[in-house]
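S.K.: Once you've had a glance at the structure underneath, I'll fire off some questions.
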Amino acid sequence: MAETTDVKQTGAETQKIKSVKKMKEIMTKYYIEAKTARDNGKKVAWITSGGPVEPLLAMDVIPVYPENHSAMIGASHMGVDLCEYSEELGYSGDLCSYARSDIGAARTQGGPIGGLPEPDMLVCCNNICGTVMKWYEVQARYYRVPLFIFDTPIVHTEFNDEIKKYVRSQIQEYIAFLGEQCGKKFDYDKMNEVGKLSVESQKLWKAVLETTRHKPAPMSAFDAFFHLALIVTLRGTQECVDYYTMLCAEMEERIRDGISAVPNEKYRLLWDNLPVWYKTKWLSDKFASHDACLVADTYTSAWSGQVDMLNENDFLESMVEGYTAIYLNIGSDKMADLVLGMIDKYDADGVVMHSNRSCKPYSLGQYDIQKIIMEKRDIPTLFIEADMVDERSFSESQIETRIDAFMEVIKQRKA
Ligand code: SF4
0 MAETTDVKQT GAETQKIKSV KKMKEIMTKY YIEAKTARDN GKKVAWITSG
50 GPVEPLLAMD VIPVYPENHS AMIGASHMGV DLCEYSEELG YSGDLCSYAR
100 SDIGAARTQG GPIGGLPEPD MLVCCNNICG TVMKWYEVQA RYYRVPLFIF
150 DTPIVHTEFN DEIKKYVRSQ IQEYIAFLGE QCGKKFDYDK MNEVGKLSVE
200 SQKLWKAVLE TTRHKPAPMS AFDAFFHLAL IVTLRGTQEC VDYYTMLCAE
250 MEERIRDGIS AVPNEKYRLL WDNLPVWYKT KWLSDKFASH DACLVADTYT
300 SAWSGQVDML NENDFLESMV EGYTAIYLNI GSDKMADLVL GMIDKYDADG
350 VVMHSNRSCK PYSLGQYDIQ KIIMEKRDIP TLFIEADMVD ERSFSESQIE
400 TRIDAFMEVI KQRKA
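With numbering that gives the first Met the number 0 as the guide, the letters of the sequence shown map in order to residues 0 to 414.
In structure tokens:
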């Protein structure tokens, strides 16, 4: 679900985030390694963005994320062509545009990097949605490779012992599957190392995001959308830890030097749902023109939300809950509690909700969450109807009018 587009800072040249260059280098190296994996005797697994990646790293398998690739496709304005290609194959236009663009890219080697490396296996975790199950079945048949499904029941209210037992048994099956596919025993020592690095990466990512509690915020949610790529693709590696250590230090330096994401930050907003990848710059500039900064979002926070559940000294056991009770796999009331917590933590003046045509699990409960926000915090909310990759669902003039009207309400309230 992350991407690699360059989100430019508004304002002076000096306000650009310096770490962006390093991030691009790391992502380029990662994709080169993934694309040349076979030449180097390594296996590649495609995995869903919220899937348990650490056991793959422990077995020296290169994880590749179709959702990250689809986000890059969206940011490169290549989504419509690839979605249309899938629709011509018979896939419904109502299907998630990450799935449609991935299916299209796989069959045409399309997209900004000429398609993903062919997988040796697929790992699908349904903690984000049900769509991924069918999507991965389609791709497993296309590539004729084995598919492992990691099934995580929805945690409507509490994470109970039944769920725990059920998910724990799948970790054992997952380990057995990897042993079979890799032709070697599972490496528990490496797993311990990877688990520690994963927890450290997530703590650092959380620290980076929390720097925006400072007023003015040194970065925005639009920057977070960009810098998310590593916590999705490389968590559990030293490279990821080093990168977020550097980024965190840069954010602290920006705070010391009085550098902000939006030059005259007066209004602080929260973003809900996936980014609109092909319009991040436009949206960032639009809000900045009203002196508004999107200081936090529910999407990028999801990759640090489980850090308190994880135990670096017993990662395999703690990932039972850590990979089950994630933001998209809990009830709407629990999601609303998290949003209310973020409103308080970041002192938000309003919430922008992307009603995302593609992502039903993210979008269906938004009207309930909106009601709860209005009742419990009484701050304005704005709905933007769009899609994260398929540009046919974005009406610039309509969204511009809505943002202007929303910002007028916020300004009047603050005045
Ligand atoms: S439906 Fe939502 S959660 Fe599922 S793959 Fe698409 S964007 Fe991700």
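The C-beta atom is built at its ideal place from N, Cα and C for all residues, glycine as well.
Measuring CB to CB, does residue 284 end up less than 8 Å from residue 263?
M.R.: Counting from 1 along the sequence shown, the entry for residue 284 is found at position 285. Counting from 1 along the sequence shown, the entry for residue 263 is found at position 264. For residue 284 and residue 263, no; Cβs fall outside 8 Å.
S.K.: What I want to know is whether the C-beta of residue 357 ends up closer than 7 Å to one or more non-hydrogen atoms of the ligand SF4.
M.R.: The residue you call residue 357 lines up with position 358 of the sequence shown. Within the cutoff, so yes.
S.K.: Helix or strand or just coil, what does DSSP make of residue 353?
M.R.: By one-based count along the sequence shown, residue 353 stands at place 354. Residue 353: strand per DSSP, three-state reduction.
S.K.: Entirely within the region 156 to 221 and at least 4 residues each: give me those alpha helix (DSSP H) ranges in chain order.
M.R.: Listed in chain order, the complete alpha helix (DSSP H) runs (minimum 4 residues) inside the region 156 to 221 are 160 to 181, 187 to 209.
S.K.: Is any heavy atom in the ligand SF4 found nearer than 7 Å to the beta carbon of residue 238?
M.R.: For the purposes of this step, residue 238 is taken as the residue at position 239 of the sequence shown. Result no, Cβ not under 7 Å from the ligand SF4.
S.K.: Please classify residue 138 as buried or exposed, where buried requires at least 16 other C-beta atoms within 10 Å of its C-beta.
M.R.: In the sequence shown, the residue the question calls residue 138 occupies position 139. By the neighbour-count rule (16 or more Cβ atoms within 10 Å), residue 138 is buried.
S.K.: My output table needs one value for residue 54: the three-state DSSP class, helix, strand or coil.
M.R.: Here residue 54 refers to the residue found at position 55 of the sequence shown. If DSSP states are grouped into helix, strand and coil, residue 54 belongs with the helices.
S.K.: Using 7 Å as the cut-off, classify the Cβ of residue 297 as near or not near the heavy atoms of the ligand SF4, replying yes or no.
M.R.: As a working note, residue 297 is residue 298 in the sequence shown. Not so, every heavy atom of the ligand SF4 lies at least 7 Å from the Cβ.
S.K.: When you compare only the Cα positions, how much space is there between residue 214 and residue 293?
M.R.: Within the sequence shown, the letter at position 215 stands for residue 214. Within the sequence shown, the letter at position 294 stands for residue 293. The straight-line gap from Cα to Cα measures roughly 12 Å.
S.K.: Does the Cβ of residue 208 lie closer than 7 Å to at least one heavy atom of the ligand SF4?
M.R.: Indexing the sequence shown from 1 puts residue 208 at position 209. Result no, Cβ not under 7 Å from the ligand SF4.
S.K.: Compare the beta carbon distance of residue 123 and residue 162 with 8 Å and say whether it is the shorter of the two.
M.R.: Along the sequence shown, one-based indexing puts residue 123 at 124. Along the sequence shown, one-based indexing puts residue 162 at 163. No, these two residues do not count as a Cβ contact at 8 Å.
S.K.: If we count Cβ pairs, one from each stretch, closer than 8 Å, do we get three or more for the region 200 to 210 versus the region 323 to 332?
M.R.: Touching, no, given that fewer than three Cβ pairs across the two stretches are closer than 8 Å.
S.K.: Taking the alpha carbon of residue 323 as the point to measure from, which residue in 184, 164, 248 has its own alpha carbon closest?
M.R.: Within the sequence shown, residue 323 is the residue found at index 324, counting from 1. Among 184, 164, 248, the Cα nearest to that of residue 323 belongs to 164.
S.K.: Only counting the same chain, and skipping five residues up and downstream in sequence, which positions put a Cβ closer than 7 Å to that of residue 391?
M.R.: Counting from 1 along the sequence shown, the entry for residue 391 is found at position 392. The answer, listed in chain order, is 79.
S.K.: For the beta strand (DSSP E) containing residue 62, name the first residue and the last one.
M.R.: On the sequence shown, position 63 is the one that residue 62 refers to. Element bounds for residue 62: 61 to 63.
S.K.: What first and last residue would you give for the beta strand (DSSP E) that runs through residue 416?
M.R.: Residue 416 lies beyond the residue range present for the chain, which begins at 0 and ends at 414; the question has no answer from this structure.
S.K.: Would you check if the distance between the CB atom of residue 266 and the CB atom of residue 413 is smaller than 8 Å?
M.R.: In the sequence shown, residue 266 corresponds to position 267, counting from 1. In the sequence shown, residue 413 corresponds to position 414, counting from 1. Their beta carbons are under 8 Å apart, which means residue 266 touches residue 413 by this criterion.
S.K.: If you follow the alpha helix (DSSP H) that residue 269 is in, where does it begin and where does it stop?
M.R.: Here residue 269 refers to the residue found at position 270 when the sequence shown is read from its first residue. No alpha helix (DSSP H) contains residue 269, which is instead part of the beta strand (DSSP E) from 266 to 271.
S.K.: Got a sec? Which residues, its chain only, sit under 6 Å from residue 134 by beta carbon, not counting five neighbours each side?
M.R.: Locating residue 134 in the sequence shown gives position 135, counting from the first residue. If we look at residue 134 and ignore the five residues flanking it on each side, its Cβ neighbours are 98.
S.K.: Is residue 82 close to the ligand SF4? I mean its beta-carbon at under 7 Å from any heavy atom of the ligand.
M.R.: Numbered from 1 along the sequence shown, position 83 holds the residue referred to as residue 82. Flag unset: Cβ of residue 82 not near the ligand SF4.
S.K.: Mapping DSSP to helix, strand and coil, what is residue 122?
M.R.: Walking along the sequence shown from the start, residue 122 turns up at place 123. Residue state, collapsed to three classes: strand.
S.K.: Below 8 Å on the Cβ atoms is my guess for residue 104 versus residue 81; work out the distance and round it to an integer in Å.
M.R.: Locating residue 104 in the sequence shown gives position 105, where the first residue counts as 1. Locating residue 81 in the sequence shown gives position 82, where the first residue counts as 1. The pair is a contact, with the Cβ atoms about 5 Å apart (cut-off 8 Å).
S.K.: Taking C-alpha atoms, which residue in 27, 108, 194, 22 lies nearest to residue 310?
M.R.: By 1-based counting over the sequence shown, the position of residue 310 is 311. When each option's Cα is compared against that of residue 310, the closest is 194.
S.K.: Give the list of continuous beta strand (DSSP E) stretches no shorter than 3 residues that lie fully inside the region 269 to 301.
M.R.: Runs found: 291 to 296.
S.K.: Report yes if the C-beta of residue 127 is less than 7 Å from at least one heavy atom of the ligand SF4; otherwise report no.
M.R.: Locating residue 127 in the sequence shown gives position 128, where the first residue counts as 1. Yes; taking the cut-off as 7 Å, the Cβ of residue 127 has a heavy atom of the ligand SF4 nearer than that.
S.K.: Is the CB-CB distance between residue 383 and residue 350 below 8 Å?
M.R.: Here residue 383 corresponds to residue number 384 of the sequence shown, with the count starting at 1. Here residue 350 corresponds to residue number 351 of the sequence shown, with the count starting at 1. In this structure, residue 350 does not lie closer than 8 Å to residue 383 by Cβ.
S.K.: Hey, quick one: how far does the beta strand (DSSP E) through residue 46 stretch, first residue to last?
M.R.: For the purposes of this step, residue 46 is identified with residue 47 of the sequence shown, where counting begins at 1. Looking at the DSSP string, the run of the beta strand (DSSP E) that includes residue 46 is 43 to 46.
S.K.: Would you check whether the ligand SF4 has a heavy atom nearer than 7 Å to the C-beta of residue 217?
M.R.: Residue 217 sits at position 218 when you count from the first residue of the sequence shown. Residue 217 Cβ: outside cutoff for every heavy atom of the ligand SF4.
S.K.: Any beta carbon from chain C within less than 8 Å of residue 130's own beta carbon?
M.R.: Absent from the structure: chain C. Only one protein chain is present.
S.K.: So, with DSSP's three-state summary, where would you put residue 117?
M.R.: Stepping through the sequence shown from its first residue, residue 117 is reached at position 118. Residue 117 falls in the coil class under three-state DSSP.
S.K.: What whole-angstrom Cβ distance do residue 230 and residue 302 have, given they're in contact under 8 Å?
M.R.: Here residue 230 corresponds to residue number 231 of the sequence shown, with the count starting at 1. Here residue 302 corresponds to residue number 303 of the sequence shown, with the count starting at 1. Yes, residue 230 and residue 302 are in contact; Cβ-Cβ is about 4 Å, under 8 Å.
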